[in-house]
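Each residue of the sequence shown is one higher than the one before, counting from 1 in full-length UniProt numbering. What follows is one structure encoded as structure tokens, with my remarks underneath.
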Amino acid sequence: HSNEYKLDSLCAVYGGIVEASICYSGDCSNPKEKKYTVDYYLDFARKLVDLGIHVLNVKDMAGLIKPQAATILVSALRKEFPDIPLHIHTHDTAATGVASMVKCAEAGADVVDVAIDAMSGMTSQPSMGAVVAGLANTPLDPNIDIHTISYLCDYWEDVRGVYQPWESGQKTGASDVYLHEMPGGQYTNLLFQSQQLGLSGLWGKVKTAYEEANEIMGNIIKVTPSSKVVGDLAQFMVANKLNGKQVLEEADELNFPQSVVQYFQGYLGIPEPWGFPEEFRKKVIKGKKLPNGKEFFEGRPGAEIKPYDFKSEKENLVKKYGVERIRDVDVLSYALYKDVFTDWKKYEDTYGEVTHIPTRYFLQPMK
């Protein structure tokens, strides 16, 4: 229902183009796949197309779509929806991204996501130059000059060097993503955090725990914010030296992270069409209540929230920070991430508009 509300509102009020996404998980090329099958994706796509979307996107946030799966899924979508533009997004964590995106193109995708070579690979997107070269002199030739890509690549290679201290540390592709299914952005963040905390030796355990945590939670679609919940449970398991079996057996006695409790209370909604693993859910939320006195939300959580007064909040922000410092996008940022926005404004009050400072001088002492 929330999707219908958003799409209808956008089309009626703002016009423009509406692109809807289906998050990819599992392996639709595996005959043993029971959950995220081609039929699952087709059914989801039908519902979105019936709402009047203009572009259909498959969002492969973990880089799980293998070349064969790409052929099967995109061919099925193209056959059923011959006229709607298809856009495929992926990550290259397992290093199969170039092959998969070429297969998507051959199966009928209109757009595939890539990254400039110097910023590509691993948890980023597949190499733009590799995909372009791979399709050159074929009916799908993008007609993009490799020299142009090389020129841009040189620039971004220099830019990336400036931010070298924040590199995640991942040096190669990692095919175990097909086991734990961790989204690209989260993979990078958790790996970097592990290294900063001196826990890089436990990274393998974190990935194993993530795989187990996902199964405990019902093999869910893992994308922000649900992926954070799985990650929080995984880190909780590693910190407390628990495996999946122990978590299930001792759930009555464990003090789970707040994000896990809130997930099972329905703060993120209800995972469709399978719902929650009820036996585990009951143990996690036992004795805990929502602000409304109930144990969990019975539908979309937003339905129980009062409409947000953007006009009033903008007036308050303008009064506090000044009209020249508050745009509509700032009001939205405040509504979504109040604490982060407030901290940023405090930073600006102290240091000014640092976006005007050249990157090197912002990150390193001037010489």
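For glycine and all other residues, C-beta sits at the position ideal for the given N, C-alpha and C. Note that the structure is predicted; figures quoted are calculated from it, not measured.
Quick one: is residue i buried, meaning 16 or more other Cβ sit within 10 Å of its Cβ, or exposed?
i, result
"V112", "buried"
"I65", "buried"
"S194", "buried"
"I17", "exposed"
"residue 377", "Lying outside 1 to 367, the shown extent of the chain, residue 377 is not represented and no answer is given."
"E250", "exposed"
"D328", "exposed"
"K314", "buried"
"Y304", "It should be noted that the sequence gives Glu, not Tyr, for residue 304. So E304 ends up on the exposed side."
"P31", "exposed"
"M366", "exposed"
"Q364", "exposed"
"K22", "Residue identity check: residue 22 is Ile in the sequence provided, not Lys. Buried, because 16 or more other Cβ atoms sit within 10 Å of the Cβ of I22."
"V132", "buried"
"F362", "exposed"
"H89", "buried"
Between which two residues does the alpha helix (DSSP H) holding residue i run?
i, result
"N189", "G184 to Q196"
"M237", "S226 to A239"
"S259", "Q258 to F264"
"A213", "W203 to I216"
"A285", "Residue identity differs from the one stated: residue 285 is Ile in this sequence, not Ala. Run containing I285: E278 to I285, per the alpha helix (DSSP H) assignment."
"V318", "F310 to Y321"
"D145", "Segment: none, D145 is in no alpha helix (DSSP H) and carries neither H nor E."
"L336", "D328 to L336"
"V13", "Unbroken run through V13: none, as it is neither H nor E."
"E249", "G244 to E249"
"Y41", "V38 to D50"
Quick one: grab the DSSP three-state call for residue i.
i, result
"T180", "With the sequence shown as reference, residue 180 is identified as His, and Thr is not the correct amino acid for it. In this structure, H180 counts as helix in the three-state DSSP scheme."
"E298", "coil"
"D92", "strand"
"S150", "helix"
"Q364", "coil"
"A174", "coil"
"G161", "helix"
"K346", "helix"
"T138", "coil"
"residue 417", "Outside the shown range of the chain, which is 1 to 367, sits residue 417, and nothing can be said about it."
"D27", "coil"
"Y267", "coil"
"E272", "coil"
"D252", "coil"
"E353", "coil"
"E324", "helix"
"E304", "helix"
Per DSSP, which residues does residue i bridge with? Please list them.
i, result
"S21", "N57"
"S168", "BP columns for S168 are empty, so no partner."
"S127", "A115"
Please confirm whether any heavy atom of the ligand GDP lies closer than 7 Å to the CB of residue i.
i, result
"E295", "Among the ligands in the structure shown, none appear at all, so the ligand GDP cannot be discussed."
What runs of the alpha helix (DSSP H), each 4 residues or longer, lie entirely inside the stretch 63-124?
67-80 and 97-107
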